[in-house]
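> Quick note: the sequence shown, position 322, residue 335 per the working numbering, numbers continuous. Positions of the beta carbon are idealized from the N, C-alpha and C atoms, including for glycine. Source: prediction; values computed, not measured.
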Amino acid sequence: MFAVDFGPDWNTLDSASTGEWWNKKHEGRSAWLEMVKVPRDEVVAFAVYTVDRGTLKMTAQLFPLRPDEARLARLELKIGGEWQEAATAPVYELGWSAHFRLEGWDEGQSIPYRVRHGKSSVFEGLVRRNPHDKNDIVIGSLSCNSNQDRGDRGAMVANLKKQDPDMLFFAGDQSYDHTEHTAGWLTWGMQFREIIKDRPVVTIPDDHDIGQGNLWGEGGVRALIKAGNDGGYYYPADYIRMVERCQTWHLPDAFDPAAIEQGIGVYYTSYNVGGIDFAIIEDRKFKTGPNGEIPKMGPRPDHINEPTYKRSEVDVPGLKLLGERQLSFLENWSEDWSGADMKCVLSQTNFAGAVHLHGRFEDRLLADLDSNGWPQTGRNNALRKMRKAMAFHLAGDQHLSVVTHHGIENFRDGPVTFVSPALINNYYSRWWWPEGGEAGANPIEDSPLPWTGDYLDGLGNKITMIAYANPDPESTRRGKRDPNEDWADGYGLVRFDKKAQTVVFECWSRFADLSKGDAGQYPGWPMKFNMSQNDGREAVAYLPELSFKGISNPVVQVVNEATGEELYTTRVQGKSYRPKVYAKGNYTIRVGEGRPILKSVSGVQSVSAGSKKKLTISVR
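Next comes the structure, spelled out in structure tokens:
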């Protein structure tokens with residue numbers, strides 16, 4: 014008996030963890046794959062979990078098992094000072110993961126756990142209580158864990174433990190080992206297990222995790238080109254399902270779990286941590302591939318370097334970004350504020366081409382169709398859904414940390430995005446470096462950075478560059494890492510203040526000295542934003558000041574009666590609120606707790622900015 018593999022056409026795929034893995038020899042560059050051959054009392058590598066709506070979901074990751082070892086893992090909880098077995102779960106031979114689900118979980122207490130295999134292998138951690146009673150919720154935002162440095166991540170882990178985030182978000186590219194995901198995933202887990210073991214973790218796979226340099230999933234079809242720019246997944250569906258099972262099974266249940274082409278699953282969902290409601294989306298899975306859909310205007314189908322091209326030529330009707338299923342999800346999510354004080358979207362990459370130099374400092378690129386800036390119509394549709402919830406946005410992927418304020422119809426009328434830096438930035442660096450070196454219109458006041466303000470990206474999307482962390486070109490050219498050199502790698506930290514409805518974005522280097530305080534961050538950080546800035550549309554008029562009776566901190570929705578459009582839904586802090594509107598006319602106001610369904614008032618006329626008119630809404 015030996016471990017299963019992906020069939021005769023793919024018998025070298027995930028080779029370190031399939032077939033007779035214990036007899037395989039890996040020489041030269043692949044010698045690291047020997048790392049899967051651990052002592053048998055160390056086969057439980059790590060675990061990741063979430064707790065949402067009373068359900069604990071945990072994935073335990075094991076090293077490959079020998080033929081005579083049981084394909085069973087056990088979850089034990091420490092209750093009243095005693096360890097008690099809570100569940101058992103089979104171990105999948107593809108990916109070597111086991112999955113536990115416990116319903117009726119008490120989110121108000123922290124409980125130690127341990128995962129066991131056999132008689133002697135144990136991994137311990139803590140299931141934290143959900144911090145609903147805390148005002149300040151802290152999220153770590155991380156991505157892009159280069160395999161060109163397989164050493165430990167000790168400096169970052171030590172700093173993160175001191176900063177003690179309530180949740181960690183890994184936006185993708187946990188592994189760059191395209192055909193060896195299990196070994197790459199194990200490497201990531203061993204690097205970060207001392208910080209992931211005792212707090213909830215959101216991991217979502219990006220293109221490199223599933224073995225592609227870029228991904229346009231196109232609803233799960235099979236890609237015929239290894240680069241994937243014809244749309245779809247190049248490697249077999251079993252491999253994709255394995256990757257997603259290892260990285261996403263522990264997330265809250267999918268909003269709409271129906272499988273796509275080839276039986277590939279979906280994981281887009283929502284997750285509430287301490288009153289911050291996160292929409293976890295899959296911005297690659299449904300996106301159309303560019304090859305054959307638009308004219309080639311650069312060295313490859315997804316890179317545009319033709320300065321005279323017409324942007325309308327690439328925004329072809331029918332192209333998809335998020336797809337209708339996820340747009341419907343975001344619409345539903347924007348209106349559902351159950352237990353939520355603020356909203357935030359988590360995705361793989363930015364909704365803009367917020368870079369100029371790609372790969373090498375010498376290589377300028379006009380437009381990259383791998384970014385969520387393309388297709389432009391799909392980009393704007395997604396941002397409009399996010400704007401309805403006044404949601405912030407966190408992402409990774411770009412190997413360049415930026416904060417951008419998106420424009421849809423006008424500059425700064427959409428959400429604010431924070432893209433985290435690459436954890437290790439020695440693979441395909443990028444830079445924000447406008448040709449001509451000119452600041453944009455309306456630059457950020459008192460910023461230490463020269464190129465802030467309003468710009469059009471290479472696809473014509475309106476963006477306001479607020480901050481960026483460029484690597485030092487000379488450091489990246491040398492190739493060998495000196496800890497004292499600036500490669501602009503590290504991680505982001507996001508601090509949500511629920512009462513003030515603000516966030517603070519922090520950007521920390523890989524080797525940051527926390528004792529320096531804010532001076533230890535990249536120039537331009539930290540920065541603070543109000544939730545209302547995620548809907549930056551200019552008010553044409555207002556509605557009367559609303560006073561609420563019978564309800565505190567209500568959910569309020571504003572609907573334009575002339576168009577039927579739901580303009581936005583938000584949580585009000587306190588018992589009064591003055592809504593802004595974007596056209597004069599009559600509006601319907603809906604008020605409630607989780608959803609705005611308890612009270613509806615129609616025919617509310619807009620008033621001028623200086624009006625003293627008030628409206629009392631009683632909810633019984």
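#1: Following the continuous alpha helix (DSSP H) through F182, name the residue where it begins and the one where it ends.
#2: Just to check my reading of the structure: G276 and P270 have Cβ atoms closer than 8 Å, yes? What is that Cβ distance to the nearest angstrom?
#3: When we look at the beta-carbon of E448 and count the other beta-carbons within 10 Å, is it buried (16 or more) or exposed?
#4: Do G505 and F431 have their C-beta atoms closer together than 7 Å?
#5: Just tell me which of R127, A532, T301 and G530 has its CA closest to the CA of E337.
#6: Near G352, what residues of its chain come up, given a Cβ to Cβ distance below 6 Å and the 5 sequence neighbours on each side ignored?
#7: If distances are taken between C-alpha atoms only, which option among R377, V64, K210 and S619 comes closest to L115?
#8: In its own chain, which residues sit with a C-beta less than 8 Å from the C-beta of S621, not counting the 5 before and 5 after it?
#9: Could you name the residues that DSSP lists as bridge partners for Q534?
#10: DSSP beta-bridge partners for C357?
#11: Under 7 Å between the Cβ atoms of V57 and S134?
#12: Given this structure, state the Cα-to-Cα distance separating W350 from P77, to the nearest angstrom.
#13: Can you tell me whether P103 is buried or exposed? The criterion is at least 16 other CB atoms within 10 Å of its CB, across all chains shown.
#14: Does the Cβ of G710 have 16 or more other Cβ atoms within 10 Å, making it buried, or fewer, making it exposed?
#15: Going along the chain, which residues of its own chain have a beta-carbon closer than 7 Å to the beta-carbon of P257, five neighbours each way excluded?
#16: What beta strand (DSSP E) runs, 3 residues minimum, are completely inside the segment 35-121?
#17: Quick check on DSSP: helix, strand or coil for L644?
#18: Going residue by residue through the segment 296-363, where are the continuous beta strand (DSSP E) segments of at least 3 residues, counting only ones entirely within it?
#19: Rounding to the nearest angstrom, what Cα-Cα distance links L396 and M544 in this structure?
#20: How about Y126 and G117: are their beta carbons less than 7 Å apart?
#21: Inspect the CB distances between the segment 293-309 and the segment 204-221 and report whether three or more fall short of 8 Å.
#22: Are the beta-carbon atoms of H316 and L359 separated by less than 7 Å?
#23: Alpha carbon to alpha carbon, how far is Q339 from E207? Give it in angstroms, no decimals.
#24: Nearest CA to the CA of H263: which residue from P249, G241 and R212?
#25: Where does I253 sit, in a helix, a strand or coil, going by DSSP?
#26: Restricting to Cα atoms, I'd like to know which of V234, L173, W229 and T515 is closest to S154.
#27: So which of A60, D177 and G197 has the shortest CA-CA distance to V507?
#28: In its own chain, which residues sit with a C-beta less than 8 Å from the C-beta of E319, not counting the 5 before and 5 after it?
#29: With 16 other CB atoms within 10 Å as the buried threshold, where does R633 fall?
#30: Check whether the Cβ atoms of L88 and A99 sit closer than 7 Å, and answer yes or no.
#31: Return the Cβ separation of Y581 and M399 in integer angstroms, given the expectation that the two are a contact with Cβ distance under 8 Å.
#32: When the Cα atoms are used, what is the spatial distance from E344 to H419?
#33: At what residues does the alpha helix (DSSP H) containing L199 begin and finish?
#34: For D426, count the other beta carbons within 10 Å of its own beta carbon; 16 or more makes it buried, fewer makes it exposed. Which is it?
#35: Am I right that Q361 and D290 are in contact with their C-beta atoms under 8 Å? What's the rounded C-beta distance?
#36: Measure how close the beta-carbons of D470 and G537 come, nearest whole angstrom, since I'm counting them as under 8 Å.
The short version:
#1: For the purposes of this step, residue 182 is identified with residue 169 of the sequence shown, where counting begins at 1. In the DSSP assignment, F182 falls outside any alpha helix (DSSP H) and lies within the beta strand (DSSP E) extending over M180 to F183.
#2: Mapped onto the sequence shown, residue 276 falls at position 263. Mapped onto the sequence shown, residue 270 falls at position 257. Taking the Cβ atoms as the reference, G276 lies roughly 12 Å from P270, outside the contact range of under 8 Å.
#3: One-based indexing of the sequence shown puts residue 448 at position 435. Here E448 is exposed: its Cβ has fewer than 16 other Cβ atoms, across all protein chains shown, within 10 Å.
#4: Start at 1 with the first residue of the sequence shown, and residue 505 comes out as number 492. Start at 1 with the first residue of the sequence shown, and residue 431 comes out as number 418. Yes. Within cutoff.
#5: On the sequence shown, position 324 is the one that residue 337 refers to. When each option's Cα is compared against that of E337, the closest is T301.
#6: Here residue 352 is taken as the residue at index 339 of the sequence shown, counted from 1. Excluding five sequence positions before and after G352, the CB atoms of its chain that fall closer than 6 Å to its own CB belong to N285, given in chain order.
#7: Counted from its first residue, the sequence shown places residue 115 at position 102. The shortest C-alpha separation from L115 is found at V64.
#8: Residue numbering aside, residue 621 sits at position 608 when the sequence shown is read from its first letter. Closer than 8 Å at Cβ, skipping near neighbours: A554 and Y555.
#9: Stepping through the sequence shown from its first residue, residue 534 is reached at position 521. Partner(s): W521.
#10: By one-based count along the sequence shown, residue 357 stands at place 344. Bridge partners of C357: F291 and F405.
#11: Taking the first residue of the sequence shown as position 1, residue 57 is located at position 44. Taking the first residue of the sequence shown as position 1, residue 134 is located at position 121. Cβ atoms of V57 and S134: closer than 7 Å.
#12: By 1-based counting over the sequence shown, the position of residue 350 is 337. By 1-based counting over the sequence shown, the position of residue 77 is 64. So the alpha carbons of these two residues sit roughly 42 Å apart.
#13: The sequence position of residue 103 within the sequence shown is 90, counting from 1. It counts as exposed.
#14: Residue 710 lies beyond the range of the chain shown here (14 to 633); nothing can be said about it.
#15: For this step, residue 257 is matched to residue 244 along the sequence shown. One point to set straight first is that residue 257 is Glu, not Pro, in the sequence displayed. So the list reads P218, G278 and Y280, once near-sequence residues are dropped.
#16: List check, beta strand (DSSP E) in window: 57-65, 68-75, 85-92, 95-103 and 110-116.
#17: With the chain represented from 14 up to 633, any question about residue 644 goes unanswered, as that position is not in the structure.
#18: The qualifying runs are 355-359.
#19: Stepping through the sequence shown from its first residue, residue 396 is reached at position 383. Stepping through the sequence shown from its first residue, residue 544 is reached at position 531. One C-alpha to the other measures close to 15 Å.
#20: Taking the first residue of the sequence shown as position 1, residue 126 is located at position 113. Taking the first residue of the sequence shown as position 1, residue 117 is located at position 104. No. Outside cutoff.
#21: The segment 293-309 makes contact with the segment 204-221; the number of CB pairs closer than 8 Å reaches 3 or more.
#22: As a first step, residue 316 must be located in the sequence shown, where it is residue number 303. As a first step, residue 359 must be located in the sequence shown, where it is residue number 346. Taking 7 Å as the Cβ cut-off, H316 and L359 do not qualify as a contacting pair.
#23: The residue you call residue 207 lines up with position 194 of the sequence shown. The residue you call residue 339 lines up with position 326 of the sequence shown. Those two C-alpha atoms are separated by around 34 Å.
#24: Locating residue 263 in the sequence shown gives position 250, counting from the first residue. Distances from the CA of H263 to each of P249, G241 and R212 were compared; the closest alpha carbon is that of R212.
#25: Sequence index remark: in the sequence shown, residue 253 carries index 240 (1-based). Correct three-state label for I253: helix.
#26: Here residue 154 corresponds to residue number 141 of the sequence shown, with the count starting at 1. S154 has its Cα closest to that of L173, out of V234, L173, W229 and T515.
#27: Counting from 1 along the sequence shown, the entry for residue 507 is found at position 494. With distances taken between Cα atoms, V507 lies closest to D177.
#28: Your numbering for residue 319 matches position 306 in the sequence shown. Answer for E319: M310, G311 and L379, listed in chain order.
#29: Taking the sequence shown and counting its residues from 1, the one referred to as residue 633 is at position 620. The residue in question, R633, is exposed, as its Cβ has fewer than 16 Cβ neighbours within 10 Å.
#30: Residue mapping note: residue 88 aligns to position 75 of the sequence shown, counting from 1. Residue mapping note: residue 99 aligns to position 86 of the sequence shown, counting from 1. Yes.
#31: If you number the sequence shown from 1, residue 581 lands on position 568. If you number the sequence shown from 1, residue 399 lands on position 386. Not confirmed; about 11 Å, so no contact.
#32: Within the sequence shown, numbered from 1, the residue matching residue 344 stands at position 331. Within the sequence shown, numbered from 1, the residue matching residue 419 stands at position 406. Straight across, the Cα-Cα distance linking E344 with H419 is about 19 Å.
#33: As a working mapping, residue 199 is identified with position 186 in the sequence shown. L199 -> alpha helix (DSSP H) spans H194 to I209.
#34: As a position in the sequence shown, residue 426 is number 413, starting the count at 1. It is buried - the Cβ of D426 has at least 16 other Cβ atoms within 10 Å.
#35: Position 348 of the sequence shown holds residue 361. Position 277 of the sequence shown holds residue 290. About 19 Å separates the two Cβ atoms, so there is no contact after all.
#36: Along the sequence shown, one-based indexing puts residue 470 at 457. Along the sequence shown, one-based indexing puts residue 537 at 524. So it is not a contact: roughly 19 Å between Cβ atoms.
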